[in-house]
Each structure stands twice: as structure tokens, then as C-alpha cells.
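Take a look at the structure below.
Number of protein chains: 2
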Amino acid sequence: MDGGETTRTGALMNAIRRKIARRALGPGDRLPSVRGFAATMGVSPSTVVEAYDRLAAEGVIRARRGSGFYVTGADLPPLALAEMGAPRRREVDPFWVSRQSLDADPSALKPGCGWLPADWMPNAALRKELRAASRADDALLSDYGTTRGQLALRRLLLARFAEEGIAATADQILLTNSGTQAIDLICRLLLRPGDTVLVDDPCYFNFRALLRAHQVCVVGIPFTPTGPDVTAFERAVAENGPRLYVTNSALHNPTGATISPQTAHRVLSAATAHGMTIVEDEIFADFEPDPSPRLAVLDGLDRVIRIGSFSKTLSASIRCGYVAARPDWIEGLIDLQIATQFSGPSPLAAELIAGVLAGGSYRKHMEEIRRRLTRARRDVAARLEPLGIVPWLMPRGGFYLWCRLPDDVDSALVAKYCLEEQVVLAPGNVFSISDSARRFLRFNVAQMGDERVSAVLRRAMSASARSP
Amino acid sequence: MDGGETTRTGALMNAIRRKIARRALGPGDRLPSVRGFAATMGVSPSTVVEAYDRLAAEGVIRARRGSGFYVTGADLPPLALAEMGAPRRREVDPFWVSRQSLDADPSALKPGCGWLPADWMPNAALRKELRAASRADDALLSDYGTTRGQLALRRLLLARFAEEGIAATADQILLTNSGTQAIDLICRLLLRPGDTVLVDDPCYFNFRALLRAHQVCVVGIPFTPTGPDVTAFERAVAENGPRLYVTNSALHNPTGATISPQTAHRVLSAATAHGMTIVEDEIFADFEPDPSPRLAVLDGLDRVIRIGSFSKTLSASIRCGYVAARPDWIEGLIDLQIATQFSGPSPLAAELIAGVLAGGSYRKHMEEIRRRLTRARRDVAARLEPLGIVPWLMPRGGFYLWCRLPDDVDSALVAKYCLEEQVVLAPGNVFSISDSARRFLRFNVAQMGDERVSAVLRRAMSASARSP
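If you want it as C-alpha cells, here you go:
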């Protein structure tokens, strides 16, 4: 081939190497299709093929028969999950919202964050439990817990499961440090680098961060108001042979949608037919006005693993999550938790949480929270409407509104602009595997009380609309 | 080929299947060369070729042009870190002590466990902090913490580091859920499956469990009363190109030995010469009568990463550990902690710990604990002597005695026998990569108050000595 061809090939190879170096492409990630990439880069398909073949020869990427090229992850520098640098300049990646909102200045407004304001939480009940804990046995204050975690809390969870029609036993529940850690343990038990995992598109951004850490190949399923697009889901299960599907069936993050009974049945049937495991994240369950379909209930905790935590409704400062699954998987998860954390979650934390849940005030508290959120969802939608920001749907519960911006506005630019004014937003593409949510923002209606939000948003949108 | 050939081929295939099933060979691992394996197994190369071809046909392994055969990782069972089964029948593996002691019946005696009795801990100070917490701001009770964890606790750690001569900044410390999780995050950042890691032989059994979860190749360095055998260490570093060395320099677990200045200097020099990172676990530091040499101090937190926790001296129920390292590594660890746990440790937990550490009573408490342990080490050594159980050395601090049993006694049999009588021991080989500690037991002198221990031990030893 001629010199120009060589140069173009080299340029493509460098572009891909850079993507890999800064983890825009992680191990197990699929490279763009030859045709698509050729179109994007304005070169001939043969140039892309040449570049891919050479990178494959170098072992940087690997061809899989009939399914394109994948990053091998050979000779990687320390696993940097994200582009580093000053927060403002940092790439808008799956960590962007987490790091901005967790480390936000106390004076910052956080309509993009994923939790309720501190004064919405059941703090009075918690203070009562803390006083009780100050009088507890020495053993509770200073000993490691049992490998499965406090029995009192596991029994409370079992009682809730029973109300839903799930008959489980205490040895099917493992307490963990968080819902995220629960999923991490499951990934460690069931996944290997290069495995395929299905997620919703859009999905909770930290599912993407977590799966990147496991170096698996992530396939996004378009999400609809009644759950994942069933046809796309069934095709992906048949074609990619995924090991795992991770989802929220109820009050899905970020859309707030809830799976329909028909979709739930077909998703579970497809998983069963192909021996795929499902992780159903229940972290928003207590925000539901009434129970909606659950994969774990249809399945009876066989191939569906239920995980959850108390961070959204009780306290995020007292770390505790759980896994409910087949007893043999729990045994494997216990060993993994010992190996990687030594013990389970803080017995003191589990005791505080069990105390609040068992107390009569918790149900009343959640009823009040649900009423406040219903009002807040309506009010925020009304305040966003004049800005041309429209909810994708009106959720039946929870604190998220997944909203579409006017066509000429890029939510990543809006988010970066707002950050300069101490307003943390959640731009659509941090949730989207296919980067197809450029015009969406996820709003937390409980964090929108301050009038400044609308003003900053308006300025940010006009500034972003003007920018190239 | 003849029947004998078929049988030999089948035997080879089964041998390889077993290696894969128990993860001696992981996904992507290269199988032995045809010639080498033929020699090892005493069969003809053609038999090995036949076995490899059939396993490849089954999809268990895959040939790569010109570079041999590799494990595909297809259809792997869940990652089982240990042999399952009823506790009593369970294999004496690196999880044995953890699971037996964490889940022991409250009436059981635990001379094999790795913590102090609850009534030795600073519970009064903790109760005081819990009462204070019940009056804390809503934010502390219910919000997620910052990504690095509570600044108050990080500052207290920095002050202690400064006393040792380590000049670090607050952005060099990351709070974690436990010391073990701190090492797990470091492994996730720096290791890839198949990397080589050095540990002491014997070493803390959970280092073995954790490294097994990371599917790395672990090389044990014989441990001496002055630290790792320097000659063996230097040879292993040169020959195996390890990425990491994980150790306790002071009050080493299980031996109680402390590294000498000369050994510390040579270990760090070897690591520097070969670009190896060292993880120095400080979990027993507060039990030292006075400071001993530290790799992290010699190195100034460049290639040495310091980890620790408060589980041994303050509370194991309030989960919190830390990592101190180069700022760029901390950034990577923060992303990994977000991806796998979402937030750092409980802000409430960090606040309770900071409160106790800052309070004047903690230093006095630790002085008293050190005095009690000095007495207990002497008393227990005196009580074991008549049983023919002799300390390998008398540690200068801490609660462990690493003891040698009479020649005809297998500590694993003794431990299984004692478990039947509700006495949990720590048999030597759970600490030994080379299984060369069959005649050792690790005793926790703080857990030997009950006279029954000696009686059960005597019976167990005579029973075990008699058994084949």
C-alpha cells in the first residue's frame, strides 16, 4: 500500500492505543465495526482492517470469530479506571457523577446526586438506636460479626421477602458492606475477564464502572418504559451468551421506569433458556407505592440474585447491604467476602439498621417520604417545563426524573458549566453504554429545593447551545 | 493407538481438567510445553499432543499459533476459593481458621483466633463516642462520606506517621472498610491474573485467600526471626519478577518476629532494583513496646504502601482500615473503591474511631494492654511447655505465640480434634505456602485464660499422635 495509506493506518492505530491507554476502551470492550469506524474517521474500510490486523498482531486487540475485535488488556499499566486530573477538566465518565457529588463542596447544590437530603432521613430513630448501642454488650461493640452477618437483620429481610411470596431461609442471605459490594462479590464469583454481561441502556453509571473493573464485555439493551426491549434482550442473550444481566426492575435508575409482568416473564424465560444469571438490584424498593413485578419473585431466588441496601431510605453513613441467593452461591460469596474484606459488615451497623427497621416509626417515615416525593416530582417537572426539559416518563415512585433536553443541547457541556457554579448534575451519557443519551439529564427531585438550580440551568443551557 | 495409550491420554486430560477446576490453571494461562509435560508425566510427547488436541476440541483449551495451548475459561464453574462442606469435615485451608473462629459457638474457646477478647477493648471510650454520635449532625448520621474518608481520622494518621518520620499529606491516605479490603484494592490496581506475588512462609492465612481470589502466582519466602530470608528473597525477586511483596514488618503474623534494620534495607533495595511494590501491613503496630524498623519509613511511601486498621486495638465491629501510598495510586484506588463499594467506609465509623484515638484514654489503654500481653505471653509459654509445645521465639509484643509441637504430632489433626470439643485452633499449614508448618500452631495468648484449653490440647495431641 502507498505512503498515505501507511500514515492513515498508523494514525488509526495510535487513536485506538490512546483510547485504550486512557481506558476509553477497556479490556474486553468491543472495537467499533470496521464500516462504522471507517465512516467516522473518513478512511476506507481496508485501512481500518489493516489497523485492526496490526494491533491484533501486537496482541493489543483480538478478533472473535463473527463478532469483531476486542481489547485484550495485555501489558496494561496499573488499572486506571478513569481519566485522572482536576475535577473540572476530568472526562465525563461513569465516575464523574460519583466523584463530583461525593466530594462536592458542602455549599454546592446536587440535583445530579443519588440520595435524599440528610434532613429527609429517619435520623430521630437512628439517634435512638445509637443511644441503645452505647449501652450494648462489649461483644457487639468490639467483636467481628459472623460470616453471614447479624441474624436479626437477615430475619427482618426474610419477613419482607415472605410478604412478596419468596420463601427463603437465613442461610440464603449474606450481609455485605454495601449493595455495590454485593454485586462486586457476585461478579467475582460468577464472571471471568472477557465474559459478556448485559445491562440496560441507560443504566446506573456505577454498574458500568464496576463491570469495567471486572474487565468484562458489556452489552447494553435499549430500555423502554416497560423494561428492557424484549426483542433486543432475547437476541443479545442468544447471540452473545452472556453470563449475567444486572438491572433494577422497579424504579429503574436512571429512568424511574418499572418492568411489566410480560417483560419480566420473557426476560426470565430467556435467561432460563440460556443459563444466564440475573442480578436484581432492589435499592429503591421501599420507594414503591405498591409492589410491582420482580424477577426474583417469579424465579424464587434460583437464577435470580437479589441485592439491596439501606443507603437510600435509612442511612448511607451506616454501611450495609445484602445478597439473597441460592445457598451454594452464598457459601462461595462468604469465602470471597472473607478473602477480600475479612469479615462481613459492621455488626454494630447491622444492629442499628435492624433496630430502625423493626421500630414502628420506619413504615410511617417511608409513607411520608413517598408523599413528599410524589409532590416533588410534580413540582420539579413543572419547573423544568419552561426550560424545554421534559421527563421521559413520570415515575410511579422514587426521586429520579430522567429528562430530555432541547435538541441542540449537550448535557455533558451543561453539566461541566453547572459544576463551575457549584451545581452537580448527572449528564445522560454517564448512564449510556452506547453514548446515546447526550440530550438527557437525570434529576433528583429531592435535591431541587433551591431556586438557584433553575437559574444556573438556564444559563448553562444557553451557553452550551451556543458552543460548537 | 492402543488401549494403554487411550488410558494415558484420558489420565492426562483429567489431570489438566482438575488443575483448571481448582484454578491451578486459570483462564488465559499457558499449558506446559508438550515436551516438558511429557517428561514430567513420563509419557510420550504424542500422548500429550493427543490429550491437548482433545481438550481443545472440547473447548477447554485453545491453541495459539506458535505459542502453545491456553486455558479458554469456557464453562468454568463459579470461582470456588475453598473446599465446601460441613465445618468439621471442611479441609484445613486458608479459610479454616476464619470461618471456624468467626462463626464459633459463643461458648467455644478460641485460642486460634486473631483478636482480643471483647472485655480487653476500649469499650468505655467507644460508648462515650456513641453517645456523642447520637447528638451529631444529620449529615454525619445519614450522608455518604467523601471519597477519601473523614479528614479528621486521616489527620490523626498523618500525625502518627510524622512521629515515625514519614512526611505525607492527607491526599496520600484513603480510608477503607478494612485492612484486608485495603490490600484487595491494591491488588486490583496493580495485579493481573498470573502475576507473581511474594509472601512470607509462614504468613497470615488470609493473604493466601486474598491472593487466590486474584488468581496470581504466590511464591513463599522462608521467614526467619529477623524477617524474610534475605538470600531467598533476593533470588526470588531476581528470578520471578514479582509485582508485589505483602508482609508485616513488625510483630509478624503468625510468628511475632520483627524485621531487622539490615534485612529491611536489603529487602527494600531488592524491591527498588527490580521495580517491585511492597505492601506493609501495620495492623499490629500499636502492640509494639517501641518502634521497630519499617519499610514504609525507609522508603518514604514511594514503592512501599502502608495499610492498617483499628480492628485489633479499638474495635472489629466498627469497620475501618486505611491505605497510605503515592498520591497517583490513591487516585486509582479511589476509583476502584467507588466502582466496587460505591463510597468509602462509614463516616460514622470513622468519626467514632477518630474520637477514641483523639481521646486521652487510648494511649493509657494500650499501655495497659501491652503490660497484660507481656504477662500472658510468659504465662501461656509456661503452661504449654509441659505439653512439649515450645515457642519458635518470644515476640516483643502482640498476642501471638508461634509454637512447635512434638515431632509426631500433626497440628491439623489436633485442630480438628479440638474443634469437636469447641476449641478453635490455628494449625500451622494454614499459614504456610509450602505446607511446611505441619508441626506448628499459632496461639492467641489473650484467648487462653480458660483452663480447659490445656486439657483439651493434651487429649487432642495424644489422640493425634496415635492416629496414622
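Chain order of the listed sequences is B and F. Counting from 1, one number per residue, gives the positions in the first sequence under the UniProt record's numbering. Counting from 1, one number per residue, gives the positions in the second sequence under the UniProt record's numbering. We treat Cβ as the ideally placed atom computed from N, Cα and C, and that holds for glycine.
Reference residue 416/F, options 213/F, 389/F, 70/F, 101/F, closest by Cα: Ranking the options by Cα distance to residue 416/F, first place goes to 101/F.
Uninterrupted beta strand (DSSP E) stretches inside the UniProt domain "HTH gntR-type" (6 to 74) of chain B (no shorter than 3 residues): Secondary structure in the UniProt domain "HTH gntR-type" (6 to 74) of chain B: the beta strand (DSSP E) runs of 3 residues or longer, each lying completely within the stretch, are 61 to 64, 68 to 71 in chain order.
Cβ-based burial, residue 452/F [other Cβ within 10 Å; buried from 16]: Counting other Cβ atoms within 10 Å of its Cβ, residue 452/F stays below 16 and is therefore classed as exposed.
Near-chain F residues of the stretch 134 to 168 of chain B (beta-carbon distance less than 9 Å), N- to C-terminal order: Within the stretch 134 to 168 of chain B, the residues whose Cβ lies closer than 9 Å to some Cβ of chain F are 134, 135, 136, 137, 138, 139, 140, 141, 142, 143, 144, 145, 146, 147, 148, listed in chain order.
Assigned exposure category for residue 66/F - 16 Cβ within 10 Å defines buried: By the Cβ neighbour-count rule, residue 66/F is exposed, with fewer than 16 other Cβ atoms within 10 Å of its own.
Buried or exposed by the 16-neighbour rule on C-beta atoms within 10 Å, applied to residue 15/F: Exposed is the call here.
Of the listed residues 217/F, 99/F, 406/F, nearest to residue 337/B (C-alpha basis): It is 99/F.
Residue 447/F versus residue 212/F - alpha carbon distance: Approximately 29 Å, taken between the alpha carbons.
Complete runs of the beta strand (DSSP E) confined to the stretch 232 to 310 of chain F [at least 3 residues]: Listed in chain order, the complete beta strand (DSSP E) runs (minimum 3 residues) inside the stretch 232 to 310 of chain F are 244 to 247, 277 to 281, 304 to 309.
Distance cut-off 8 Å: residue 452/B Cβ against heavy atoms of the ligand PLP: Of the ligands one can find in the structure shown there are none, so the ligand PLP has no counterpart to examine.
Closer than 8 Å at the beta carbon, the chain B residues around residue 178/F: Identification of chain B residues near residue 178/F by a Cβ-Cβ cut-off of 8 Å yields 341, 342, 343, ordered along the chain.
Straight-line gap, residue 18/F to residue 184/F (C-alpha atoms, nearest Å): Near 27 Å, if we compare the C-alpha coordinates of residue 184/F and residue 18/F.
Secondary structure of residue 486/F, DSSP reduced to three states: Past the edges of chain F, shown from 1 to 468, lies residue 486/F, and the structure says nothing about it.
Backbone CA spacing between residue 275/B and residue 328/B [nearest angstrom]: Cα-Cα distance, rounded: 17 Å.
With 16 other Cβ atoms within 10 Å as the buried cut-off, status of residue 40/B: Exposed, since its Cβ has fewer than 16 Cβ neighbours within 10 Å.
Close Cβ partners of residue 296/F (< 6 Å) along its chain, the five nearest in sequence each way excluded: If we look at residue 296/F and ignore the five residues flanking it on each side, its Cβ neighbours are 280, 304, 306.
DSSP three-state assignment for residue 87/B, whether helix, strand or coil: Here the model assigns residue 87/B a pLDDT of 43, short of 50, so the residue's position is not dependable, and the following value carries that caveat. In the three-state scheme derived from DSSP, where H, G and I count as helix and E and B as strand, residue 87/B is classed as coil.
Pair within 9 Å by beta-carbon distance, residue 339/B and residue 180/F: Contact flag set, yes.
C-alpha gap between residue 269/F and residue 403/F, whole angstroms: The straight-line gap from Cα to Cα measures roughly 32 Å.
Nearest residue (CA-CA) to residue 267/F, options 286/F, 245/F, 256/F, 257/F: Put simply, of 286/F, 245/F, 256/F, 257/F the residue whose alpha carbon is nearest the alpha carbon of residue 267/F is 245/F.
Anticipated Cβ contact below 8 Å, residue 115/F with residue 311/F, distance rounded: Rounded, the Cβ-Cβ distance is 7 Å, consistent with contact.
Same chain, Cβ closer than 7 Å to residue 390/B, five either side skipped, listed in chain order: Correct list, in chain order: 403, 404.
CB contact below 9 Å: residue 56/F versus chain B: Output row for residue 56/F: interface = no.
Three CB pairs or more closer than 8 Å across the stretch 150 to 160 of chain B and the stretch 369 to 386 of chain B: Taking 8 Å as the limit for Cβ pairs, the verdict is that the stretch 369 to 386 of chain B does not touch the stretch 150 to 160 of chain B.
Alpha carbon of residue 258/F to alpha carbon of residue 292/F, nearest angstrom: Each residue's CA atom was taken as its position, placing residue 258/F and residue 292/F some 7 Å apart.
Rounded straight-line distance, which links the Cα of residue 345/F to that of residue 473/F: A query on residue 473/F cannot be resolved here, the shown segment of chain F reaching from 1 to 468 and no further.
Anticipated Cβ contact below 8 Å, residue 422/B with residue 142/B, distance rounded: About 41 Å; that fails the 8 Å criterion.
Whether residue 69/F touches residue 31/F by CB criterion (9 Å): Yes, they are a contact pair.
Three-state secondary structure (DSSP) of residue 332/F: Reduced to three states, the DSSP call for residue 332/F is helix.
Segment limits, beta strand (DSSP E) that includes residue 441/F: Here the beta strand (DSSP E) through residue 441/F covers 440 to 444.
Residue 430/B in three-state terms, based on DSSP: Correct three-state label for residue 430/B: helix.
Of the listed residues 223/B, 196/B, 7/B, 445/B, nearest to residue 113/B (C-alpha basis): Nearest option by C-alpha distance: 445/B.
Per-residue DSSP class, three states only, for residue 203/B: Three-state result, residue 203/B: coil.
Every unbroken alpha helix (DSSP H) inside the stretch 152 to 180 of chain F [4 residues or more]: Correct list: empty.
Straight-line gap, residue 172/F to residue 202/B (C-alpha atoms, nearest Å): Cα atoms of residue 172/F and residue 202/B: separation of roughly 35 Å, rounded to the nearest angstrom.
Nearest-angstrom Cα separation, counted from residue 138/F out to residue 123/B: Computed Cα separation, rounded: 6 Å.
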